[in-house]
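Accompanying notes for the structure given below.
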């Protein structure tokens with residue numbers, strides 16, 4: 122996100138880090154779409170956080186979504202949802 126927004130240094134506040142991460146996420150998925158699109162492949166974006174892995178219902182839903190993407194011939198791109206994370210952003 123820093124590159125997309127032409128920031129010369131990383132933000133220090135959590136809210137700004139989250140906003141920059143959200144801006145960077147759209148740039149990142151566009152790169153994946155361009156690269157996979159050159160191979161006539163489609164991608165889907167799954168943004169997850171730690172609680173998604175800890176909650177059994179969330180994890181079951183994620184697995185089902187991944188399986189369905191693959192069944193449709195869509196490559197699931199899985200990434201951490203930095204725009205909603207708080208604890209991890211304090212260290213990253």
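Residue numbers (our numbering): 122 to 213. C-beta atoms are modelled at their ideal positions from N, C-alpha and C, and glycine is treated no differently.
Under the three-state DSSP convention, the category residue i falls into
i: residue 168; result: strand
i: residue 198; result: strand
i: residue 212; result: Bear in mind that the predicted position of residue 212 carries a pLDDT of just 39, short of 50, making it too unreliable to give a figure here.
i: residue 184; result: helix
Exposed unless 16 or more other CB atoms sit within 10 angstroms - verdict on residue i
i: residue 139; result: buried
i: residue 142; result: buried
i: residue 177; result: exposed
According to DSSP, residues forming a beta bridge with residue i
i: residue 163; result: 195
Distance between beta carbons of residue j and residue i, contact taken as under 8 Å
i: residue 157; j: residue 164; result: 5 Å
i: residue 169; j: residue 183; result: 7 Å
Within-9 Å CB hit, residue i to chain B
i: residue 133; result: Annotation note: the requested chain B is absent from the structure, which comprises a single protein chain.
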